[in-house]
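Residue numbers (our numbering): 748 to 936.
The C-beta atom is built at its ideal place from N, Cα and C for all residues, glycine as well.
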Amino acid sequence: MQEFLQHGYAGTSMDKVAATAGVSKPTVYSYFQDKEGLFQALVKYVAQTRCQQVMGQHNWQGEPAEVIRRLATNAIETELQDMDYQNFLRLMAGESGRFPQLAQAFVENLTKPAIEQLTAYLNAHSELGLPDPEAAARVLLGSTVFFIMTQSIMHGQAIMPMAPERLVDSLVYLLTRSQTQQSDQATER
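Listed below in C-alpha cells is the structure:
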C-alpha cells in the first residue's frame with residue numbers, strides 16, 4: 748500500500764512494489780496479473796478490513812441510542828486516527844474517474860455491507876419509528892464520512908471546526924427522536 752500512497756497509482760510500478768516487498772518481480776506477477784489486479788486486491792483488502800474494524804467489532808447490544816452513539820463514535824475515531832487510510836481515500840478519489848471499477852470494488856466491500864448491517868439493525872428496532880431504515884443508515888454513515896472528509900481529508904478543521912461529539916449527539920438525536928417522543932408521551936399519560 749505504501750508504494751501507491753507515496754507515488755499514486757500512475758507512479759507505482761510492479762518493480763517498485765517487488766523491491767519494497769523484498770520479493771522478485773515474477774513473484775508479484777505470480778499473485779497478480781498486473782498493477783491493476785494488485786491495486787484491486789489492495790482496494791478489496793482495505794475496504795473489507797475497514798468494514799470489519801468499524802462494523803464487525805461493534806457491540807450491537809444495548810439501547811438503540813447507545814448503540815448508535817458507539818457506532819458513530821467508533822467510525823469517526825477509527826478514521827481520524829488512521830492517516831494511511833485517509834491517504835488511501837484521497838488516492839481512491841483521485842483514481843476513481845479513470846478506474847471506476849476500483850471505486851466500485853471499494854463501495855461493494857465497505858459501503859454496501861456497512862449499510863446493510865446498519866439497516867438490519869435499524870429494521871430490528873421498529874420502536875425508533877424510522878420510516879426508511881436504509882435511508883437512516885445512509886444518513887448516519889454518510890454523515891460520519893462527510894465529517895472525516897471535511898475535517899481531516901480536506902484539511903477543513905481550521906476553517907469550520909466541529910467536535911466529533913457534536914455530530915454524534917445530533918445523529919443520536921435524529922435517529923432516536925421518535926422513540927424519545929413516544930417515551931415522553933407515554934410518561935405524560
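In three-state DSSP terms, what is residue i?
i      : result
Leu752 : helix
Gly705 : Because the chain spans 748 through 936 in this model, residue 705 falls outside it and cannot be assessed.
Ile906 : coil
Asp762 : helix
Gln780 : coil
Met901 : coil
Phe786 : helix
Val801 : helix
Ser843 : coil
Glu810 : coil
If you drop the 5 nearest sequence neighbours on each side, which residues of the same chain put their C-beta closer than 8 Å to that of residue i?
i      : result
Ile815 : Leu887, Leu918, Val919, Leu922 and Thr923
Ile862 : Glu881, Ala884, Arg885 and Leu888
Check whether the Cβ atoms of residue i and residue j sit closer than 8 Å, and answer yes or no.
i      : j      : result
Gln795 : Asn856 : yes
Met761 : Val775 : yes
Phe894 : Ile823 : yes
Lys782 : Ala852 : no
Thr891 : Ala819 : yes
Just the Cα atoms here: how many angstroms apart are residue i and residue j?
i      : j      : result
Ile900 : Tyr832 : 10 Å
Leu902 : Leu914 : Reading off the sequence shown, one finds His at residue 902, where the question assumed Leu. So the alpha carbons of these two residues sit roughly 17 Å apart.
Gln799 : Lys859 : 13 Å
Phe779 : Leu789 : 11 Å
Gln787 : Gly755 : 14 Å
Lys772 : Lys763 : 9 Å
Gly803 : Thr767 : 31 Å
Whose C-beta lies closer than 7 Å to the C-beta of residue i among residues of the same chain, with five residues either side of it excluded?
i      : result
Ala850 : Met839 and Ser843
Leu865 : Ala884, Leu887 and Leu888
Leu875 : Pro811, Leu869, Leu922, Thr923, Ser925 and Gln926
Taking only beta-carbon positions, decide if residue i is within less than 8 Å of chain C.
i      : result
Glu863 : Structure shown: chain C not included; a single protein chain is present.
By Cβ distance below 6 Å, which residues in the same chain neighbour residue i in space, the five residues on each side in sequence not counted?
i      : result
Glu881 : Thr866
Pro785 : Per the sequence shown, residue 785 should be read as Leu rather than Pro. Phe779, listed in sequence order.
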